[in-house]
Structures are given as C-alpha cells and as structure tokens.
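Quick mapping for you: the protein sequence lines, in order, are chains P and V. Residues in the first sequence are numbered consecutively from 6, following the working numbering. Residues in the second sequence are numbered consecutively from 5, following the working numbering. Ideal placement from N, C-alpha and C gives every residue a C-beta, glycine not left out.
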Amino acid sequence: MEKYKVVVIGGGPAGLAAALESFKNLDDKKVLIIERDKFLGGILNQCIHPGFGLHYFKEELTGPEYAHRFIEQVMENQIEYLTETHVIEITPQKEIVAVNKKGLKRIKADSIVLAMGCRERTRGAIITLGTRPAGIFTAGQAQRFINIEGYRIGKKAVIVGSGDIGLIMARRLTLEGIEVKAVVEIMPYSTGLRRNIVQCLNDFGIPLLLSHKVTKIHGKYRVEGVTIAKVDSQLKEIPSTERFIECDTVLFSVGLIPENELSKKAGIVLDMRTGGPVVDNTFSTSQKGIFACGNVLHVHDLVDNVTLEAQTAGRYAAMYSQHPELFENNIHINIVAKEGIRYVVPQKLNKNFVQPFVLRFRVDNFYKDAIVTISNAGKILMKIKKSILTPGEMESIEISQKILSQLDFSNDIVVSLQNI
Amino acid sequence: MSRIYDVAVIGAGVIGMSILRELTRYRLKVCSLEKMEDVAEGASKANSGIVHAGYDPIEGTKKARFNVEGNNIFADVCNELDVEYKMIGSLVVAFDDHEINVLEELLQRGKRNGVKGLEIKGQEWVFANEPNLSRNIKAALFAPYSGITNPYKLTVALFENSIQNGADVIFGFEVCKIEKDGDYFVVHSADSRFIKTRVLINCAGVHADEISKMAGARLFKIYPRRGQYYILDKPEKMPVARVIFQVPTEKGKGILVTPTVDGNVLVGPNSEYIDSKDDTATTQEGLDEVFEKARKVLPNLSKRDVITIFSGIRATPDTHDFIIEEDEDVKNFINVAGIESPGLTSSVAIGRYIAEFVADKLNAKRNLNFNPYREDIKRFSELSDEEREEMIKLHPTFGNIVCRCELVSEYEIVEAIKRGAKTLDSIKRRTRAGMGRCQGGFCLPRVMDILSRELKIDKTQITKFGKNSYILTEKRWED
Numbered sequence: 006m007e008k009y010k011v012v013v014i015g016g017g018p019a020g021l022a023a024a025l026e027s028f029k030n031l032d033d034k035k036v037l038i039i040e041r042d043k044f045l046g047g048i049l050n051q052c053i054h055p056g057f058g059l060h061y062f063k064e065e066l067t068g069p070e071y072a073h074r075f076i077e078q079v080m081e082n083q084i085e086y087l088t089e090t091h092v093i094e095i096t097p098q099k100e101i102v103a104v105n106k107k108g109l110k111r112i113k114a115d116s117i118v119l120a121m122g123c124r125e126r127t128r129g130a131i132i133t134l135g136t137r138p139a140g141i142f143t144a145g146q147a148q149r150f151i152n153i154e155g156y157r158i159g160k161k162a163v164i165v166g167s168g169d170i171g172l173i174m175a176r177r178l179t180l181e182g183i184e185v186k187a188v189v190e191i192m193p194y195s196t197g198l199r200r201n202i203v204q205c206l207n208d209f210g211i212p213l214l215l216s217h218k219v220t221k222i223h224g225k226y227r228v229e230g231v232t233i234a235k236v237d238s239q240l241k242e243i244p245s246t247e248r249f250i251e252c253d254t255v256l257f258s259v260g261l262i263p264e265n266e267l268s269k270k271a272g273i274v275l276d277m278r279t280g281g282p283v284v285d286n287t288f289s290t291s292q293k294g295i296f297a298c299g300n301v302l303h304v305h306d307l308v309d310n311v312t313l314e315a316q317t318a319g320r321y322a323a324m325y326s327q328h329p330e331l332f333e334n335n336i337h338i339n340i341v342a343k344e345g346i347r348y349v350v351p352q353k354l355n356k357n358f359v360q361p362f363v364l365r366f367r368v369d370n371f372y373k374d375a376i377v378t379i380s381n382a383g384k385i386l387m388k389i390k391k392s393i394l395t396p397g398e399m400e401s402i403e404i405s406q407k408i409l410s411q412l413d414f415s416n417d418i419v420v421s422l423q424n425i
Numbered sequence: 005m006s007r008i009y010d011v012a013v014i015g016a017g018v019i020g021m022s023i024l025r026e027l028t029r030y031r032l033k034v035c036s037l038e039k040m041e042d043v044a045e046g047a048s049k050a051n052s053g054i055v056h057a058g059y060d061p062i063e064g065t066k067k068a069r070f071n072v073e074g075n076n077i078f079a080d081v082c083n084e085l086d087v088e089y090k091m092i093g094s095l096v097v098a099f100d101d102h103e104i105n106v107l108e109e110l111l112q113r114g115k116r117n118g119v120k121g122l123e124i125k126g127q128e129w130v131f132a133n134e135p136n137l138s139r140n141i142k143a144a145l146f147a148p149y150s151g152i153t154n155p156y157k158l159t160v161a162l163f164e165n166s167i168q169n170g171a172d173v174i175f176g177f178e179v180c181k182i183e184k185d186g187d188y189f190v191v192h193s194a195d196s197r198f199i200k201t202r203v204l205i206n207c208a209g210v211h212a213d214e215i216s217k218m219a220g221a222r223l224f225k226i227y228p229r230r231g232q233y234y235i236l237d238k239p240e241k242m243p244v245a246r247v248i249f250q251v252p253t254e255k256g257k258g259i260l261v262t263p264t265v266d267g268n269v270l271v272g273p274n275s276e277y278i279d280s281k282d283d284t285a286t287t288q289e290g291l292d293e294v295f296e297k298a299r300k301v302l303p304n305l306s307k308r309d310v311i312t313i314f315s316g317i318r319a320t321p322d323t324h325d326f327i328i329e330e331d332e333d334v335k336n337f338i339n340v341a342g343i344e345s346p347g348l349t350s351s352v353a354i355g356r357y358i359a360e361f362v363a364d365k366l367n368a369k370r371n372l373n374f375n376p377y378r379e380d381i382k383r384f385s386e387l388s389d390e391e392r393e394e395m396i397k398l399h400p401t402f403g404n405i406v407c408r409c410e411l412v413s414e415y416e417i418v419e420a421i422k423r424g425a426k427t428l429d430s431i432k433r434r435t436r437a438g439m440g441r442c443q444g445g446f447c448l449p450r451v452m453d454i455l456s457r458e459l460k461i462d463k464t465q466i467t468k469f470g471k472n473s474y475i476l477t478e479k480r481w482e483d
C-alpha cells in the first residue's frame with residue numbers, strides 16, 4: 006500500500022491551497038492530490054467570468070486564472086497528483102480506495118483533507134411541477150456546455166434562482182445570444198451580490214422577479230415554456246397571478262449542497278445546517294486526522310475565503326501527520342449559532358489549539374442595522390455593527406487572542422444577532 | 005423499405021417485448037414496431053415495479069389468471085435474463101374494522117385465485133417487522149410472494165434477449181395506417197416505411213384502441229389514468245422492508261411505499277383520469293395527495309430526501325379486464341390491450357400465452373437455437389474491489405467513473421450503447437447514470453461525450469429521448 010503524509014481529496018481551489026500549505030509545512034513532503042476530473046482546478050475551470058481574487062490577490066481574475074496560480078505552484082513544487090481518479094472509500098483508519106483506468110489503488114495517509122466541493126440542487130430536489138422535457142439545465146451544466154465546450158443550449162431562457170451563479174449565467178447567456186426572459190426568485194430578496202445584480206441584470210435589462218416561482222414546466226420533447234406565479238410570505242403561490250412565459254430553456258440555480266457521501270461512509274459527523282462536517286478551529290472533523298475545507302465543509306460565495314480556510318486546514322493536516330500526539334485528548338467547547346445566525350464554522354474550539362481564528366457564518370434572513378455579538382458564560386466578548394446582512398453573503402469575524410484569553414472554557418461560545 | 009414477417013408486434017413496452025421474446029422460441033420471423041427510439045418509453049418506464057401476488061383481481065378474470073401465473077414464473081424469467089427481482093413480500097394495512105373486513109375479502113379472493121401464503125397479521129407482528137409504520141394500523145394482509153423488480157430493466161432485458169434470438173425491433177416506426185393485402189397486413193409508418201406481416205399483435209398501450217380501430221378490429225376505449233410518484237434518495241436504512249399498500253378502493257390499489265431494487269424509496273401513485281394520453285405532467289394536487297396518504301402509513305416520511313418526481317399513465321380499458329384476444333372479424337389481428345396493473349406481473353405469462361397461441365395458429369416449429377439467457381452489463385457499483393480490479397485489467401474504462409452518485413463507469417455506458425442505447429434516457433435506464441441524487445448535474449456532459457464518440461455523431465444530434473428532445477442547439481466554435 007502506498008503511503009503519504011497528507012492526501013487531499015479534490016483538486017479544486019480548496020484542495021490545491023490545502024495541498025500547497027501542507028507541503029510547505031512538512032519535512033517529508035509526501036503529499037498527494039486526487040482529482041476525479043481530467044484537470045486540476047475544479048469548477049473554477051468553467052467560471053470564465055471575472056471577479057475572482059479581489060481579496061486574496063488584490064486583483065480581478067477569472068476562475069481559470071485564479072486556479073492557474075495555484076496549479077503553477079503545485080507544478081513548481083512537484084506535488085504529486087492523480088487526475089481522472091475517483092475515490093470510492095475513505096476509512097476512519099485513513100485508508101483511501103481510489104480507482105482509475107490503471108486499476109484500484111489503496112493508499113494509506115497520515116492525514117486526509119476532504120476538499121470534494123459541492124453539487125447543485127436540481128429541479129427535482131425543489132419539486133418543480135410539470136413535464137420533463139429536454140432543455141432543463143443546472144447552471145453548472147449550462148456553464149460547462151457554453152464556456153468549455155462551446156455550444157449554445159437554447160434560444161430563450163428562464164433562470165430560476167437569483168444567487169450569484171444565476172445572475173452571472175443570466176449575463177453569460179445574454180452574451181451568447183440567448184434571450185433571458187426573466188430571473189425568477191422565490192424569496193423577496195436576491196441572495197446575490199449587489200454588484201452582480203447591477204452588472205449582470207440591470208446593465209442588460211433582464212427582469213428580476215422577486216417573490217415568484219415557476220409553478221409548471223411545459224413541453225413534451227423540448228421545453229415550450231413555464232408558468233410562473235407570485236408567492237405570498239409563506240412562499241405559497243397566489244392564485245390568479247399565474248402567467249405563461251414562452252421559452253425553450255430553463256436553468257436552475259437553486260443552491261449548492263456539500264458533497265459528503267464519502268465523509269458519511271467514513272463515519273464523520275455532519276452539521277445538518279451546513280451540510281458539511283462538524284469541525285473545530287483546526288478544521289479537524291470528528292474522525293481524528295481527517296480535515297475538511299472549502300465547499301465540502303460549507304458553501305462559500307467567494308473563492309478567496311475558500312483559499313484562506315483551506316490553507317489553515319492544510320497546515321493543521323501537516324501538523325497532525327507529523328505530531329498526532331498534539332491532537333490527543335482533544336477537549337472542545339461548542340460554538341453555537343443562536344437567533345439570527347443560521348450557522349457558524351468552525352462549530353467547535355479545540356482547547357489544545359487556543360489560537361486566533363476566523364469564524365465564518367451566515368445569517369438566516371435579510372437584516373438592516375444589526376449587531377452581531379459573541380458571548381460566553383453570559384458575557385459579551387465582542388460586538389460588531391453591520392448596516393446590511395443577507396443570507397447570501399458569508400460573514401467573517403477574527404477571533405483574536407484577546408478574546409480567547411477571556412474565555413470560560415466550561416461554557417459555549419454563542420454567536421447571535423440583535424436588531425438596533 | 006419493405007420487410008416481410010410472420011408476426012409483428014406494435015409497441016415495445018414490457019408486454020410487447022415479453023411477447024416478442026416468447027415468439028423467438030419458435031421458428032418465426034418476428035419484429036416489433038416502436039414509435040420512440042427505445043423500448044419501455046411508455047407505461048413500462050413509469051410504474052411501481054411491483055410483482056403482485058394476485059389477491060386483488062376478481063376471480064375468473066384475465067387479470068387474475070395472468071397475475072397468478074405471472075407471479076409463479078417471474079423469478080425464473082428474471083433469473084434467465086439477469087434482472088433484479090426481490091421477493092420482499094407485501095402488506096396491505098388496515099386502520100379500522102371496516103378495512104379489516106376488506107383484508108378478509110382480499111384473503112379469501114386471493115385463496116380462490118390460487119395465491120399461496122396469504123395471512124392476516126395483527127398489530128404486534130406488523131410493528132415488530134415494520135417498526136416505522138403508523139401506530140394507528142390495526143392489522144395487515146401479508147403476501148410473502150409479492151416482490152419488486154425494475155420494470156424498464158426487465159423490458160430492456162427482454163429486448164436484448166429477443167434480438168439475440170433473431171427478432172427485429174424497428175424504432176421510430178409510428179404506425180399510421182394498417183391495410184390488408186391477401187394474407188398479409190401492411191403496416192405503414194408516419195415516415196412512409198412499411199412492413200408486411202401475417203399476424204399483427206397490438207400492444208400499443210394507451211394507444212391500443214386507436215390501433216385496433218386502424219385495423220378495422222373491435223372498438224373499445226382506453227382511458228388514460230395518471231399516477232404521480234416521488235423518488236427518494238437512497239437512505240442509510242430503508243424505512244420499510246416490504247411493499248406497503250393501503251386498502252384498495254374502486255380507484256385501484258392506492259398509494260404505496262416501497263423500497264426499489266436499486267435501493268431508493270418509491271412513494272406513489274395517485275390515480276386520476278386525464279384528457280390527454282401523453283400528459284405526464286406532475287401537479288401540486290396529485291403530489292399533495294400522494295404525500296398525505298403515504299404519511300398516514302409512514303408518519304416520518306420527509307420531502308427532504310426527494311430526488312425527483314414523475315408520473316406514469318395506466319391504460320385503463322372500458323371493459324374492466326385485460327383485452328387479450330384474436331379479433332372476431334379481423335383474423336390474425338390480436339389485441340393485447342388495456343394492460344394496466346397487474347400488467348408488469350402478468351407480462352411474462354401473457355407473452356407465453358400469446359406466443360403459444362400464435363405458434364399454434366401458424367403451425368410453427370420450435371426454434372432449437374433459442375437461448376433464454378441474457379447477461380446484464382457488469383456494474384461497477386455491484387462488484388467487490390477484487391472483481392473491480394479484474395475488470396479494469398480487462399477493460400481499463402471500467403476504472404473511469406462517469407456518474408459519481410451511482411458509481412457508473414465509462415465501460416457500462418459504452419456497453420449500453422453497443423446494446424442499442426442511443427439517447428440520454430436510454431443510457432440512464434440501462435446504467436443509472438444520471439439517476440442519482442445529482443440527477444446528471446455532473447455526468448450529463450460526460451455521457452454526451454461518450455455518446456458522441458461511440459455513435460460518431462455531433463453532440464447537437466444527441467437527444468434526451470428522441471424526436472425534438474435535443475439538449476444543445478448549436479455549435480459555436482470548433483476546438
């Protein structure tokens with residue numbers, strides 16, 4: 006059985022950054038990246054729009070450019086990687102079974118970094134009624150066909166979902182000569198970034214229909230249209246507001262789900278709200294020596310944050326592989342999301358590693374002028390004023406040494422939100 | 005184009021394919037005419053996949069006869085054709101005294117139909133064996149010989165075995181006119197092809213009444229009756245071990261909850277008469293009805309795990325029984341129509357009966373070369389690691405996983421194409437690529453790469469299921 010210090014599963018932005026950081030921190034530089042696609046870079050390869058790297062590189066890059074910077078470093082350092090290789094099993098003993106055209110490989114890792122990313126929710130998952138003709142795509146499929154393979158996927162489209170991906174695809178389809186009839190959003194607000202609403206919809210005159218849903222898909226062979234309707238505050242359709250939009254294409258961009266089938270099989274505890282593993286501030290999952298980062302952990306809106314998070318995970322994975330004893334006798338305190346906060350990552354603080362870390366979280370609704378507080382044992386340790394908070398935007402807070410030094414370790418850390 | 009056959013079967017659903025396969029046991033030149041690009045494109049791809057025990061149909065009916073006969077031989081046929089069949093048993097659950105009386109009637113009817121092993125079980129047994137069922141259930145009829153199969157995979161297997169044994173299946177052949185020319189029927193397609201045949205068998209499902217009329221045969225009416233379903237993601241632990249039915253009503257066997265042979269949970273169907281024979285839309289009312297009724301039996305059922313919804317259409321005849329007969333006026337024209345539930349269970353028995361009848365009529369000799377065995381495609385997901393390694397040595401593409409949810413390899417997709425799959429849906433049904441929780445989000449473009457390469461066609465020519473169901477509309481640049 007081949008042996009590695011650190012094996013990273015997934016060669017997208019999270020996997021690349023984690024592998025590089027592990028590599029830097031190892032004496033014995035046995036690091037392996039396993040990627041199921043033909044190329045490293047993950048989904049960034051098909052994201053040819055700009056806007057990546059503004060925080061991390063302080064310049065605006067496309068997805069492939071952003072990925073390329075990390076792939077180059079992987080090459081320069083001659084970090085080992087396997088492409089077109091599919092991991093089919095991870096055991097709690099950190100054995101990996103992977104398969105490719107050459108055969109079945111069994112690999113023993115001292116530590117593993119999970120970086121498998123996420124998948125898209127589908128038309129079926131949100132129970133969209135009507136027929137099942139051709140012409141229904143997820144945004145990712147459409148992006149691949151258009152940006153990588155060079156095909157046009159239709160003539161007239163309706164986009165369901167107004168997160169950043171839906172907005173960016175609205176612009177992309179328009180630039181490819183596909184008429185986007187509307188972007189339909191069930192919530193009363195878009196979860197996309199303000200700049201994307203302006204640059205992708207307003208600049209092209211594409212209507213954004215908030216509080217609307219597609220109630221029916223029509224068409225026998227190819228999509229012939231959709232019926233849309235307004236929804237009330239319970240998201241139930243309002244009768245008599247139905248109208249038909251003729252189109253041959255429906256594009257669903259209705260959310261992402263961390264892809265944790267392998268994690269589940271390895272017995273890793275998952276957080277119902279993030280869909281990813283429960284981790285502590287070392288990004289260690291419930292299985293010792295298995296770490297997680299990127300969209301497999303929780304869905305990010307900026308790749309820059311993925312990179313930073315993956316670097317931390319990679320650093321601790323390297324540390325674990327060299328000094329597993331530091332991770333013995335772990336004692337954790339919980340970091341708990343309370344009113345207004347949908348989730349926090351990490352969900353735990355490891356008492357062996359009381360070091361400054363970044364707490365990432367999302368709120369559960371749209372808030373104006375609110376205060377995020379971090380408290381412990383009934384004491385408020387930190388207050389941050391925010392003029393706007395939306396579920397679409399991930400928030401980050403530095404937990405400094407000063408705050409850590411005030412902690413009462415017999416109590417949870419609580420993150421909550423108050424209106425001003 | 006013209007071809008001359010002894011027997012032609014219209015419709016390549018599970019009934020048509022069962023008959024076709026059984027016909028190849030004789031020295032006859034036989035074919036099937038199918039308007040779509042694949043088998044199982046109608047009711048055979050969208051039903052519950054249940055192999056019924058036979059306590060439902062009224063004694064003396066064709067439904068009762070073929071159900072019980074079909075159940076008896078089902079396992080053997082699935083064994084020959086390498087199709088999954090699991091005899092997991094079924095329960096009809098009763099919530100009150102009135103329903104318990106119905107169970108008693110079903111038990112007696114089942115006994116008269118010749119169904120073995122039926123028993124009414126009390127609450128204690130039910131909860132010990134199906135702990136997730138509602139505590140309001142008072143009793144249940146247990147049918148140990150009920151089972152589950154995969155209806156479209158059975159149809160595909162029957163198709164492949166028919167081809168192996170010399171039958172033709174002509175796709176894209178939409179019958180539009182039937183004439184008589186001496187001893188032969190001349191059957192015309194919408195795109196101006198025709199074939200000649202001595203015997204013509206009508207298995208056109210929901211359109212069988214139109215075909216019968218076209219042939220100048222008996223007039224009857226087929227009413228389309230739609231049923232809607234939810235498919236749930238493969239659970240870590242199945243919520244039920246058996247097929248769970250509710251007490252039947254005049255509308256049919258009602259909403260069931262069952263494991264599928266592929267490891268998903270299937271919930272449905274409701275029953276609604278619809279105007280159009282092709283209206284396979286799902287509706288809010290229909291799905292709400294299904295969910296509510298299923299919840300009554302399985303209170304913990306959650307929509308969170310739904311991966312897709314679909315509907316299928318039953319071909320309900322106005323005669324209230326299967327129509328299986330040679331026409332009185334049009335000799336050598338045989339209607340096999342109105343085959344609603346328990347049609348899947350009955351299919352193999354109907355096939356046998358019709359083939360014997362036709363062979364007798366044509367004085368056909370036995371085909372001594374008939375091979376009843378067909379091997380399924382080797383599936384990555386079902387092998388041990390050692391077997392996988394062996395297969396990769398023989399076929400490196402077995403190590404290239406294309407569909408990550410269902411672990412489908414490139415080899416399986418190529419093999420499906422070699423066996424006749426031409427569309428995305430036909431690959432999905434044969435290999436499960438695109439049937440998992442991501443519903444093709446990841447593998448659809450990859451399956452299209454393989455289809456395009458193997459069939460040597462441009463990707464813009466690839467369809468979901470034939471006709472105008474194109475995925476891509478235009479190539480914008482060349483690589």
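So what does DSSP say about residue 98 of chain P, is it helix, strand or coil? Per DSSP, reduced to three states, the secondary structure at residue 98 of chain P is coil, with no helix or strand assignment.
Only counting the same chain, and skipping five residues up and downstream in sequence, which positions put a Cβ closer than 6 angstroms to that of residue 19 of chain P? Excluding positions up to five away in sequence, the list reads 120, 298, 299, 311 and 315.
Could you tell me which chain B residues have their CB closer than 8 angstroms to the CB of residue 481 of chain V, listed as they occur along the chain? Annotation note: the requested chain B is absent from the structure, which comprises protein chains P and V.
When the distance is taken between beta carbons, is residue 431 of chain V closer than 8 angstroms to residue 451 of chain V? Their beta carbons are under 8 angstroms apart, which means residue 451 of chain V touches residue 431 of chain V by this criterion.
For a minimum of 4 consecutive residues, which ranges assigned as the alpha helix (DSSP H) are wholly contained in the region 62-138 of chain V? Every alpha helix (DSSP H) of 4 residues or more that sits fully in the region 62-138 of chain V is shown, in chain order, as 66-85, 101-117 and 127-133.
Do residue 480 of chain V and residue 71 of chain P have their CB atoms nearer than 8 angstroms? Their beta carbons are not under 8 angstroms apart, which means residue 480 of chain V does not touch residue 71 of chain P by this criterion.
Whole angstroms is fine: what's the gap from residue 414 of chain P's alpha carbon to residue 318 of chain P's? So the alpha carbons of these two residues sit roughly 23 angstroms apart.
Examine chain P for any beta-carbon lying closer than 8 angstroms to the beta-carbon of residue 285 of chain V, and answer yes or no. So, interface residue.
Within-8 angstroms CB hit, residue 282 of chain V to chain P: Interface residue, yes.
Mind checking residue 5 of chain V: buried by the 16 CB within 10 Å criterion, or exposed? With a pLDDT of only 45 at residue 5 of chain V, under the threshold of 50, the placement of this residue in the model should not be trusted; the figure read from the coordinates follows. Residue environment: residue 5 of chain V is assigned as exposed (fewer than 16 neighbouring CB atoms within 10 Å of its CB, all protein chains considered).
Let me see if you follow: with CB-CB separation under 8 angstroms, is residue 187 of chain V close to chain P or not? No, residue 187 of chain V does not count as interfacial toward chain P.
Local Cβ density within 10 Å of residue 135 of chain V, reported as buried at 16 or more and exposed below that: So residue 135 of chain V counts as exposed.
In chain V, what lies closer than 9 angstroms to residue 226 of chain P by C-beta? Residues of chain V with a Cβ closer than 9 angstroms to the Cβ of residue 226 of chain P are, in chain order, 467, 468, 469, 470, 471, 472, 473 and 474.
Residues, ordered as in the chain, of the region 438-451 of chain V that lie near chain P by beta-carbon distance below 8 angstroms: So the close ones are 441, 442, 443, 444, 445, 446, 448 and 449.
Three-state secondary structure assigned by DSSP to residue 310 of chain P: Here residue 310 of chain P sits in helix by DSSP.
Does any residue of chain V have a CB that is nearer than 8 angstroms to the CB of residue 245 of chain P? For residue 245 of chain P, the answer is no, since every Cβ of chain V falls outside 8 angstroms of its Cβ.
Residue 10 of chain V, DSSP secondary structure in three states: DSSP places residue 10 of chain V in strand when its eight states are reduced to three.
Is DSSP giving residue 287 of chain V helix, strand or coil here? Three-state DSSP puts residue 287 of chain V in coil, outside helix and strand.
Contact list for residue 129 of chain P against chain V, beta-carbon separation under 7 angstroms: Identification of chain V residues near residue 129 of chain P by a Cβ-Cβ cut-off of 7 angstroms yields 310, 311, 312, 313 and 443, ordered along the chain.
Pick helix, strand or coil for residue 107 of chain P, following the three-state DSSP scheme. It is coil, neither helix nor strand.
Distance, Cα to Cα, residue 372 of chain V vs residue 27 of chain V? One Cα belongs to residue 372 of chain V, the other to residue 27 of chain V, and the distance between them is close to 13 angstroms.
Rounded separation between residue 409 of chain V and residue 310 of chain V - CA only: Near 15 angstroms, if we compare the C-alpha coordinates of residue 310 of chain V and residue 409 of chain V.
Closer than 8 angstroms at the beta carbon, the chain V residues around residue 39 of chain P: Contact annotation for residue 39 of chain P against chain V: no contact, minimum CB-CB distance about 12 angstroms [criterion: below 8 angstroms].
Measure how close the beta-carbons of residue 336 of chain P and residue 379 of chain P come, nearest whole angstrom, since I'm counting them as under 8 angstroms. Wrong, their Cβ atoms sit about 20 angstroms apart, outside the cutoff.
Does DSSP put residue 433 of chain V in a helix, in a strand, or in coil? Three-state DSSP puts residue 433 of chain V in a helix.
I think residue 229 of chain V touches residue 156 of chain V, with their Cβ atoms under 8 angstroms apart; what is that distance to the nearest whole Å? So it is not a contact: roughly 20 angstroms between Cβ atoms.
Looking at residue 188 of chain V: is its Cβ nearer than 8 angstroms to the Cβ of residue 110 of chain V? A distance of 8 angstroms or more separates the beta carbons of residue 188 of chain V and residue 110 of chain V.
Strictly by DSSP, which residues pair up with residue 223 of chain P? Looking at the DSSP output, residue 223 of chain P bridges to P/230.
By alpha-carbon positions, which one of P/170, P/237 and P/181 ends up nearest to residue 191 of chain P? Shortest Cα-Cα distance from residue 191 of chain P to any of P/170, P/237 and P/181 involves P/237.
So, does the CB of residue 323 of chain V fall closer than 8 angstroms to a CB anywhere in chain P? By this cut-off, residue 323 of chain V is not an interface position.
Do you know offhand how far residue 206 of chain P's Cα is from residue 124 of chain P's? Between the alpha carbons of residue 206 of chain P and residue 124 of chain P lies a gap of roughly 25 angstroms.
So is residue 139 of chain P in contact with chain V if we call contact Cβ pairs under 8 angstroms? Yes, contact with chain V.
C-alpha distance - residue 292 of chain P paired with residue 279 of chain P, whole-angstrom precision: In a straight line, the C-alpha of residue 292 of chain P is about 18 angstroms away from that of residue 279 of chain P.
Does any residue of chain V have a CB that is nearer than 8 angstroms to the CB of residue 105 of chain P? Judged by the 8 angstroms Cβ criterion, residue 105 of chain P is in contact with chain V.
With 16 other Cβ atoms within 10 Å as the buried cut-off, status of residue 11 of chain P: So residue 11 of chain P counts as buried.
In terms of residues, what are the limits of the alpha helix (DSSP H) holding residue 165 of chain V? For residue 165 of chain V, the enclosing alpha helix (DSSP H) has its first and last residue at 155-168.
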